[in-house]
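Residue numbers (full-length UniProt numbering): 1 to 147.
Using N, Cα and C, we set each Cβ at its ideal position, and we do this for glycine too.
From a predicted model like this one, the values you see are computed outputs, not experimental measurements.
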Amino acid sequence: MPGEVTATGSSYATAVEEAAYAGLESMRRLIVLLSQQQENKKAEMDEHCRAVADAALTKFRKVIALLGRTTTGHARFRSAPLPLHKRHDGEVERSEEHEPVKPIERLPPLPPPHHRYEHFSNSNYASSPSCSIKRKCERSCHSSKKG
């Protein structure tokens, strides 16, 4: 990116903070602009909103570049960082090769739940079959209160 900022040490953290603040400030301006009810022409308003949104996006891309990320987008669609490999001269480099994709493995079916059903034949509320069955959990993760 032209005008990309490179920083080291504590100035790196300051550069990231400043870039993030600039991006957030641009987003604030966009939100204020969108929330205002002006009587401007719709096309003029849309163009202005697009310009403000593009400026905010550019500032956040600068933050992403400072953080060393190469892509933007949803986490599900971004690739993981490349693995590090040591070169013969002792320097560390990132591998440009990707490992082959493994086929999807099916998980075994879930075991039956750890609940047992007990039938209470002397219940006063046995008007329907569903009322005569009480579900109890055998797990110790629930409250120990007895009532």
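Apart from the five residues just before and just after Val63, which ones in its own chain have a Cβ nearer than 7 Å to its Cβ?
By 1-based counting over the sequence shown, the position of residue 63 is 63. Excluding positions up to five away in sequence, the list reads Val16, Ala19, Ala20 and Gly23.
Closest residue to Ala13 among Leu66, Pro108 and Pro111 (Cα-Cα distance)
The residue labelled residue 13 in the question sits at position 13 within the sequence shown. If we check each option's Cα against that of Ala13, Leu66 comes out closest.
Please name the residue in Ala53, Ser10, Met45 and Lys42 whose C-alpha comes closest to that of Arg28.
Position 28 of the sequence shown, counting from 1, holds the residue named residue 28. Per the Cα distances, Ala53.
Would Ala51 and Ser26 qualify as a contact pair, given that the criterion is a beta-carbon distance under 8 Å?
Along the sequence shown, read from residue 1 onward, the residue named residue 51 stands at position 51. Along the sequence shown, read from residue 1 onward, the residue named residue 26 stands at position 26. Result no, Cβ atoms of Ala51 and Ser26 do not sit closer than 8 Å.
Euclidean distance between Cα positions of Cys49 and Lys59:
For the purposes of this step, residue 49 is taken as residue 49 along the sequence shown, with counting starting at 1. For the purposes of this step, residue 59 is taken as residue 59 along the sequence shown, with counting starting at 1. Near 15 Å, if we compare the C-alpha coordinates of Lys59 and Cys49.
Indicate the three-state DSSP secondary structure (helix, strand or coil) for Glu105 in the structure shown.
Here residue 105 corresponds to residue number 105 of the sequence shown, with the count starting at 1. Glu105 falls in the coil class under three-state DSSP.
From the beta carbon of Lys42, is the nearest beta carbon of chain B less than 8 Å away?
The displayed structure is made up of one protein chain only, and chain B is not part of it.
Gly23 - DSSP class collapsed to helix/strand/coil:
Here residue 23 corresponds to residue number 23 of the sequence shown, with the count starting at 1. The answer is helix: DSSP assigns Gly23 an H, G or I state.
Can you look up Leu57 in the DSSP assignment and give me helix, strand or coil?
For the purposes of this step, residue 57 is identified with residue 57 of the sequence shown, where counting begins at 1. Looking at Leu57 - three-state DSSP - the assignment turns out to be helix.
For residue 155, three-class secondary structure by DSSP
No answer is possible for residue 155: the residues shown for the chain start at 1 and end at 147.
Run through DSSP, which three-state label would Leu110 get?
Counting from 1 along the sequence shown, the entry for residue 110 is found at position 110. Note: Leu110 maps to coil in three-state DSSP.
Assign Leu30 to one of two classes, buried (16 or more other C-beta atoms within 10 Å of its C-beta) or exposed (fewer than that).
Here residue 30 refers to the residue found at position 30 of the sequence shown. When all chains shown are included, Leu30 counts as buried.
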